[in-house]
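Notes follow once the structure below has been shown.
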């Protein structure tokens, strides 16, 4: 099973490998000096049974850029970061020993802030506690042929 902390670690490692000078945040950021990344994960789980779940995690990697002394942002920096994120995340993203195919991603820029949004879609299997292979001790049936 992949937990959210493992995902957080994978995103931190990925972003720090490519941008070691930028901070990576997962919690509220108040008046932080730019540039930095902020990663938000919105999990959705569809439980099939006690051991199998289908999971979708919507991920929004936000990049808040530096401004020059006139308050302007160099859009070329945002485009370069968007291209790099797309190259290192798609088509396959790795978390621990799992490889998850990312089919679609969306890149948007609002108010000079980059958003790279995609879904992690996968199935998780969890061992059922208390269940054994031998659920029934013995079943005896008597079948009588009708006349």
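In this note's numbering, the protein residues as written are 1 to 147. The C-beta atom is built at its ideal place from N, Cα and C for all residues, glycine as well.
Rounded Cβ spacing between residue 119 and residue 56 (contact assumed at less than 8 Å): 5 Å
Residue 93 to residue 139 span [Cα, whole Å]: Take the alpha-carbon of residue 93 and the one of residue 139: they are about 48 Å apart.
Under 9 Å between C-beta atoms of residue 63 and residue 79: no
For residue 120, the three-state DSSP class (helix, strand or coil): Strand, per DSSP.
Whole runs of the beta strand (DSSP E) within the stretch 69-114, excluding any shorter than 3 residues: 92-95, 98-101, 105-110
Helix, strand or coil at residue 23 [DSSP, three-state]: strand
C-beta contact flag for residue 51 and residue 126 at 9 Å: yes
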